[in-house]
Amino acid sequence: MTWIQKEITLKARPRGFHLVTREVTDQLPELREISVGLLHVFIQHTSASLGINENADPDVRVDLEMGFSKIVPEDFPYVHTMEGPDDMPAHIKAAMIGSSVTIPITDGHLNLGIWQGIYLCEHRNHASGRRLVLTIQGQGH
Amino acid sequence: MTWIQKEITLKARPRGFHLVTREVTDQLPELREISVGLLHVFIQHTSASLGINENADPDVRVDLEMGFSKIVPEDFPYVHTMEGPDDMPAHIKAAMIGSSVTIPITDGHLNLGIWQGIYLCEHRNHASGRRLVLTIQGQGH
Amino acid sequence: MTWIQKEITLKARPRGFHLVTREVTDQLPELREISVGLLHVFIQHTSASLGINENADPDVRVDLEMGFSKIVPEDFPYVHTMEGPDDMPAHIKAAMIGSSVTIPITDGHLNLGIWQGIYLCEHRNHASGRRLVLTIQGQGH
Numbered sequence: 001m002t003w004i005q006k007e008i009t010l011k012a013r014p015r016g017f018h019l020v021t022r023e024v025t026d027q028l029p030e031l032r033e034i035s036v037g038l039l040h041v042f043i044q045h046t047s048a049s050l051g052i053n054e055n056a057d058p059d060v061r062v063d064l065e066m067g068f069s070k071i072v073p074e075d076f077p078y079v080h081t082m083e084g085p086d087d088m089p090a091h092i093k094a095a096m097i098g099s100s101v102t103i104p105i106t107d108g109h110l111n112l113g114i115w116q117g118i119y120l121c122e123h124r125n126h127a128s129g130r131r132l133v134l135t136i137q138g139q140g141h
Numbered sequence: 001m002t003w004i005q006k007e008i009t010l011k012a013r014p015r016g017f018h019l020v021t022r023e024v025t026d027q028l029p030e031l032r033e034i035s036v037g038l039l040h041v042f043i044q045h046t047s048a049s050l051g052i053n054e055n056a057d058p059d060v061r062v063d064l065e066m067g068f069s070k071i072v073p074e075d076f077p078y079v080h081t082m083e084g085p086d087d088m089p090a091h092i093k094a095a096m097i098g099s100s101v102t103i104p105i106t107d108g109h110l111n112l113g114i115w116q117g118i119y120l121c122e123h124r125n126h127a128s129g130r131r132l133v134l135t136i137q138g139q140g141h
Numbered sequence: 001m002t003w004i005q006k007e008i009t010l011k012a013r014p015r016g017f018h019l020v021t022r023e024v025t026d027q028l029p030e031l032r033e034i035s036v037g038l039l040h041v042f043i044q045h046t047s048a049s050l051g052i053n054e055n056a057d058p059d060v061r062v063d064l065e066m067g068f069s070k071i072v073p074e075d076f077p078y079v080h081t082m083e084g085p086d087d088m089p090a091h092i093k094a095a096m097i098g099s100s101v102t103i104p105i106t107d108g109h110l111n112l113g114i115w116q117g118i119y120l121c122e123h124r125n126h127a128s129g130r131r132l133v134l135t136i137q138g139q140g141h
């Protein structure tokens with residue numbers, strides 16, 4: 001049984017949905033040593049979130065940002081407004097999408113579907129690089 | 001410490017919310033051998049999702065489909081439309097509901113509440129059977 | 001490799017978003033013995049949910065309740081209405097937010113961001129205390 005845990009900081013990104021699979025897995029060469037296991041990716045923030053979605057057409061990312069911003073508008077009668085109009089919608093979107101993803105590891109690689117990638121969902125207009133905690137657990141070969 | 005991992009394909013289902021607890025657990029006789037552990041169920045698609053919800057009144061599934069389709073309508077100004085009007089709402093619903101569920105295992109069975117079941121949330125009008133990766137980890141008796 | 005599993009009942013709370021980090025961790029003195037691991041918190045109900053969100057300004061919790069109740073209104077044309085107008089929205093919110101959270105454990109404590117806490121999201125007007133299944137897995141020191 002193997003446990004590996006790392007903290008990394010993603011590069012800063014603008015508001016929107018961003019594919020970060022490679023940026024995460026580049027930090028995890030140990031994946032190759034796991035025959036069966038799970039990767040847990042956790043974001044230490046409450047105004048950005050992590051998801052799994054399409055890794056191909058970049059228009060999907062544009063539409064995800066548009067769609068979530070229509071569903072969670074900035075003009076709801078929020079009380080918590082001191083950090084700007086994008087802040088409270090960011091907390092709601094983070095609650096909807098979630099703070100972590102868990103992905104199966106099989107034969108040394110993430111067992112994602114061919115169209116799947118890991119998303120950083122950045123809900124703030126101006127954010128710094130987001131901190132992630134990566135936890136691998138599994139059996140070696 | 002036991003690790004078991006399987007890939008299965010659910011039978012194809014129409015758009016809507018579907019109870020699949022039995023279809024999943026029928027593939028997992030090994031659950032009986034686990035005294036304490038977790039089951040991770042992962043869907044390898046980005047236009048369907050997995051959730052946990054009520055296992056009793058089928059009207060709840062009807063209302064979930066109606067509700068999510070009102071919240072994420074097909075007439076938003078999407079850019080990614082080449083796969084049909086149900087495609088981009090499917091990606092948004094999948095981001096909301098999520099690609100996996102993790103359920104505690106206790107004394108050889110899934111420790112769900114009495115009203116809980118595993119849902120396949122099928123967001124496309126016409127989809128094939130969805131592929132799942134099932135990962136059990138835990139301690140034997 | 002350590003596995004610890006407990007079932008607890010949270011005290012009953014009114015409809016809304018509630019910070020329960022302390023109520024959960026007070027039941028888990030064993031966290032201190034884990035150097036690297038994961039905590040899985042699972043709710044055995046389908047009309048309340050678990051999330052991770054801001055632990056500081058209580059106004060965030062007020063706005064989360066307001067926002068989700070606007071996004072998932074009680075006046076959708078629901079079929080499943082026999083348990084009251086707050087019931088079906090509760091199931092939809094639970095599907096959105098999710099039935100469990102998984103949090104990394106590092107050096108004997110939950111490795112949350114400094115602004116993060118565990119939320120009980122209570123979607124019913126009048127609910128009893130909610131049952132949780134807590135599962136710790138990890139390596140000792």
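Residue numbers (the working numbering), protein chains in the order written: chain S, 1 to 141; chain F, 1 to 141; chain X, 1 to 141.
Cβ atoms here follow ideal geometry from the backbone N, Cα and C, with glycine treated the same way.
Proximity to G98 (chain X) across F:R32, F:G51 and F:Q44 peaks at F:G51, based on C-alpha coordinates. By the CB criterion at 7 Å, G108 (chain F) and V36 (chain F) fall outside the cutoff. For Q139 (chain F), the nearest beta carbon of chain X is closer than 7 Å to its own beta carbon. T102 (chain X) is positioned such that its CB atom lies no closer than 7 Å to that of S49 (chain S).
At a cut-off of 7 Å between beta carbons, Y78 (chain F) contacts chain S. For the pair T135 (chain X) and Q5 (chain X), the CB atoms are nearer than the 7 Å cut-off.
One finds Y78, V79, H80 and M88 in chain S with Cβ atoms closer than 7 Å to the Cβ of D63 (chain X), taken in chain order. Here K70 (chain X) is exposed. Its C-beta has fewer than 16 other C-beta atoms within 10 Å.
For G98 (chain F), the residues of chain S that pass the 7 Å Cβ criterion are G98, in the order they occur in the chain. For L112 (chain X), the closest of S:E30, S:V133 and S:P89 by C-alpha to C-alpha distance is S:V133.
With a cutoff of 7 Å on beta-carbon distance, A94 (chain S) and T46 (chain S) are scored as near each other.
Secondary structure of F68 (chain X) (DSSP, three-state): helix. Pairing E74 (chain X) with V20 (chain F), the inter-Cα distance amounts to about 27 Å. For H91 (chain F), the secondary structure class from DSSP, reduced to helix, strand or coil, is helix. Between the C-alpha atoms of H80 (chain X) and V72 (chain F) there is a straight-line separation of about 20 Å. Per DSSP, the beta-bridge partners of R131 (chain X) are X:T9.
Listed along chain S, the residues sitting closer than 7 Å to G51 (chain X) by beta-carbon distance are A95.
In the DSSP assignment, V36 (chain X) falls within the unbroken beta strand (DSSP E) covering I34 to I43. Closest in C-alpha terms to L64 (chain S), from the list F:A90, F:D63, F:D57 and F:M82, comes F:A90. Within chain X, the residues placing a beta-carbon under 8 Å from that of V72 (chain S) are G67 and I71, ordered along the chain. A straight-line Cα-Cα distance of about 30 Å links L28 (chain X) and L31 (chain S). Check the Cα spacing between D87 (chain X) and each of F:I43, F:D57, F:P77 and F:P85: the tightest is with F:D57. T25 (chain X) and P104 (chain X) have their alpha carbons spaced roughly 13 Å apart. From the beta-carbon of D26 (chain F), no residue of chain X is found nearer than 8 Å; the closest lies around 22 Å away. Pairing E122 (chain S) with R15 (chain S) gives a Cβ-Cβ distance under 7 Å. Under a 10 Å Cβ-count criterion, H40 (chain F) is classified as buried, with 16 or more other Cβ atoms of the shown protein chains found around its own Cβ. The DSSP assignment places 100 to 106 and 116 to 122 as complete runs of the beta strand (DSSP E) inside the stretch 93 to 128 of chain F, in order along the chain (cut-off: 3 residues). R130 (chain S) places its beta carbon less than 7 Å from that of I43 (chain S). Here M1 (chain S) is exposed. Its C-beta has fewer than 16 other C-beta atoms within 10 Å.
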